[in-house]
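Let me begin by presenting the structure, written as structure tokens, before commenting on it.
This is the structure in structure tokens:
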């Protein structure tokens, strides 16, 4: 899988189908990926848990081996200027969301905190950006694949979440999930090729009709 941060920079994750990734303390990459050195333990506050909120959908009609591009828009509920100037003075670190594409490792991505006050020693990955567009490319492994988005919200950063030092975390807002085919196997006709095949079929039928008509008239 390849992940792009808008149109700037990318990291290659091809070959990450169910492979082990060693995570521990979170590292926010410049492209928005959040990496750990060993599997993270993320514990939600009682008001938000015990399980994170997630939405899933089965994407159908995929071509195994084909490459697909998925983009989506994300923001944090604390990313606007209003929270940054609120009287409580609370800082807001970038949050963490998960993207799970069937057959691939769970991908952790940053949720921008935007104009909210930054925790000490934990600058926002995207600066003061209030929203962000992620673009991922993945190779289909089946005709139908489940895709899930996970929101850990304001998880407990003080007692239970291992290695977390970035203060309060913002919660996920997302929209505009779009998936398009980028590259299909060579033995699968593209849309333009389907058009040519259809046209050839029509011409063949017309030709047969013309030939048959000539024979009858003769």
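Residue numbers (our numbering): 3 to 220. Ideal Cβ placement from N, Cα and C applies to all residues, glycine included.
For residue i, three-class secondary structure by DSSP
| i | result |
| --- | --- |
| residue 60 | strand |
| residue 133 | strand |
| residue 177 | strand |
| residue 79 | coil |
| residue 106 | coil |
| residue 116 | coil |
| residue 101 | strand |
| residue 127 | coil |
| residue 33 | coil |
| residue 69 | strand |
| residue 28 | strand |
| residue 186 | coil |
| residue 84 | Reliability of the predicted coordinates at residue 84 is poor, the pLDDT of 47 falling under 50, and no value is obtained from them. |
Contact under 8 Å by Cβ, residue i with residue j
| i | j | result |
| --- | --- | --- |
| residue 61 | residue 180 | no |
| residue 110 | residue 97 | no |
| residue 152 | residue 102 | yes |
| residue 30 | residue 140 | no |
| residue 142 | residue 66 | yes |
| residue 116 | residue 131 | yes |
| residue 73 | residue 137 | yes |
| residue 128 | residue 76 | no |
| residue 175 | residue 35 | no |
| residue 148 | residue 40 | no |
Span of the beta strand (DSSP E), counted from its first residue to its last, around residue i
| i | result |
| --- | --- |
| residue 147 | 147 to 153 |
| residue 37 | 36 to 39 |
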